Amino acid sequence: RLCTGVRRMTTLNDSGLGSVVRPNDETPVTSKVQKRPLVRTNGKTPIGSAKKRKLTIDRDRSKWLSFELNVPSDDFLMKETIESESVEIEGSKWSLVVLRRRNDELNTIMMETNVQCVVPSPAWCAKCKIEMEIVTDERTFRKSFDCTITWSSNSRGLALDWRKCFFRGGKITAKLLVTRVCNKYLNFPDFTDPYETGIDELFVGDRPLYVDKSLLSMHSSFFSRLFSTSNGPYRLEGRVEDVVATLQTVYPQKGVIDDSNACTIAVLAKEFEFWETLERCEKFLLGSNKFSIVEKIEASLRCQMHALLSQCSEHLASIDDIMKVIGSKPDGFEASEATKAYLFDLIVPLYKKTTIEEVEV
């Protein structure tokens with residue numbers, strides 16, 4: 003995953019060129035990035051050329067999120083990698099990362115300075131401005147980026163020649179201005195356009211979603227019954243955003259399941275009888291470390307995800323393991339009654355076993 007990208011230097015700009023600033027002559031070194039060829043079906047329309055909403059800069063500067071990231075350059079003399087404190091923006095985590103890397107071609111040590119974003123999912127992107135300033139003993143370097151941060155391009159930065167720049171007493175600062183954040187694929191359906199997703203109205207609260215009854219009925223017995231028992235209007239309960247994210251998983255684009263929505267989508271997938279989607283959620287949760295064991299137990303009991311529940315049981319093999327989950331004050335333990343009953347059923351046999359062993363000793 004690209005969130006481990008401190009090992010690589012990504013400086014792609016919006017023109018599709020990579021650039022590195024060299025302090026001796028400040029001439030950018032550029033190299034073309036090969037574009038994936040488009041396969042054409044009829045000589046006119048390329049496959050995958052779905053409508054995309056361009057993420058533009060918000061004109062109202064008062065709404066911009068502004069952060070300053072700093073690292074003391076003296077630390078750089080003793081450490082190969084230094085990183086600033088991180089800031090969180092709508093599920094993403096941003097930091098300023100500085101590291102030394104040898105450049106065999108130039109026979110020197112390069113100092114790479116990146117503003118790096120840990121992107122929560124492929125469905126997330128942000129429009130931002132990054133203003134970077136590096137103060138050395140000799141001079142000050144400044145570079146600004148007007149860019150879109152995405153899953154595939156999650157950092158911007160500079161590379162400076164270590165021989166020509168000394169950093170004693172200097173500072174490395176990056177000012178981060180985030181102007182727009184989008185939490186879904188730009189070409190995923192939002193069910194507001196009947197020409198895109200279907201002409202049938204499905205209401206969540208007062209908001210209509212335009213769907214294809216045949217497609218949903220094919221994927222779900224729940225929707226098959228809903229659409230066959232009346233002529234409408236068809237209504238669902240819940241948050242519009244959660245319903246949209248769940249419906250996206252059965253449309254051709256196959257919506258993303260990630261740390262921000264896996265449990266929510268699992269619950270709705272169980273309700274809507276989207277069994278393939280529920281299986282995808284369980285598979286994701288089995289491999290995720292972002293959820294607490296209580297959250298996983300809650301989801302597995304509510305959605306009957308047996309493999310996930312079995313995994314949770316393996317991590318609760320002793321009384322100490324269970325007490326770490328419950329905490330020092332069992333009366334204040336917050337969980338559903340089903341989860342409390344499940345933990346009780348696990349801990350009682352362990353207490354009995356411990357008591358028997360003590361008596362035998």
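Quick note: to get this note's numbering, add 2 to the position in the sequence shown (first position is 1).
The beta-carbon is built from N, C-alpha and C at its ideal position, and this holds for glycine as well.
The model shown is predicted, which means the values in this text are computed figures rather than measured ones.
Contacting residues, own chain, Cβ-Cβ under 8 Å from residue i (five flanking each side not counted)
| i | result |
| --- | --- |
| D347 | none |
| Y236 | D202, E203, L204, F205, L228, F229 |
| D315 | A quick correction: the sequence has Ser, not Asp, at residue 315. Result list for S315: L348, in chain order. |
| D244 | N263, T266, I267, L270 |
| K272 | L280, R304, C305, Q306 |
| Q313 | L288, K298 |
| G240 | V206, L270 |
Buried/exposed call for residue i, threshold 16 Cβ in 10 Å
| i | result |
| --- | --- |
| I111 | exposed |
| G289 | exposed |
| M134 | buried |
| M307 | buried |
| R282 | buried |
| N116 | buried |
| Y364 | Since the first residue shown for the chain is 3 and the last is 363, residue 364 is missing from the structure and cannot be characterised. |
| P191 | buried |
| R10 | Residue confidence for R10 is low, a pLDDT of 35 falling below 50, so the modelled location carries little weight and cannot support an answer. |
| G257 | buried |
| D260 | buried |
| Y197 | exposed |
| V350 | exposed |
| T142 | exposed |
| E284 | buried |
| S157 | buried |
Residue i, DSSP secondary structure in three states
| i | result |
| --- | --- |
| V361 | Here the model assigns V361 a pLDDT of 44, short of 50, so the residue's position is not dependable and the matter cannot be decided. |
| E316 | helix |
| V327 | helix |
| W126 | coil |
| F147 | strand |
| T142 | strand |
| G159 | strand |
| D347 | helix |
| P196 | helix |
| F335 | coil |
| T110 | strand |
| F205 | strand |
| F293 | coil |
| S94 | strand |
| S302 | helix |
| F286 | helix |
| E278 | helix |
| T83 | strand |
| T341 | helix |
Beta-carbon proximity list for residue i, same chain, < 6 Å, skipping 5 on both sides
| i | result |
| --- | --- |
| G93 | P122, S262 |
| L311 | S302 |
| K95 | S88, V120 |
| L71 | S86, L98, A176 |
| R103 | M112, E114 |
| T251 | G257, T279 |
| V183 | E92, A128 |
Residue i at chain C interface by Cβ criterion, 7 Å
| i | result |
| --- | --- |
| T181 | Chain labels in this structure do not include chain C; a single protein chain is all it has. |
Residue i versus residue j - alpha carbon distance
| i | j | result |
| --- | --- | --- |
| I201 | H221 | 18 Å |
| R144 | I136 | 6 Å |
| T152 | I132 | 14 Å |
| S226 | F274 | 10 Å |
| V242 | R209 | 8 Å |
| I295 | F276 | 24 Å |
| T83 | V180 | 25 Å |
| K159 | N291 | It should be noted that the sequence gives Gly, not Lys, for residue 159. Cα to Cα, G159 sits roughly 29 Å from N291. |
| E336 | K298 | 14 Å |
| M325 | N233 | 53 Å |
| C127 | F69 | 18 Å |
| V73 | K81 | 12 Å |
| L238 | G207 | 7 Å |
| S219 | T279 | 15 Å |
| T231 | F224 | 11 Å |
| P254 | D195 | 16 Å |
| S216 | A309 | 31 Å |
| I328 | S146 | 49 Å |
| A319 | I174 | 48 Å |
| F293 | N109 | 46 Å |
| E90 | Q118 | 12 Å |
Proximal residues to residue i (C-beta, below 7 Å), its chain only, five neighbours per side dropped
| i | result |
| --- | --- |
| F193 | T199, L211, Y212, V213, V246, L249 |
| T341 | V296, I299, E300, L303 |
| L101 | V8, E82, T83, E114 |
| C130 | C149, I151, L178, L179, V180, T181 |
| Y344 | I299, L303 |
| N105 | M112 |
| F286 | I259, A264 |
heavy atom of the ligand ATP below 6 Å from residue i C-beta
| i | result |
| --- | --- |
| T266 | The ligand content of the structure shown is nil, which means the ligand ATP is not present either. |
Task: Whole runs of the beta strand (DSSP E) within the stretch 217-272, excluding any shorter than 3 residues - done: Segments of the beta strand (DSSP E) lying fully in the stretch 217-272: 236-238.
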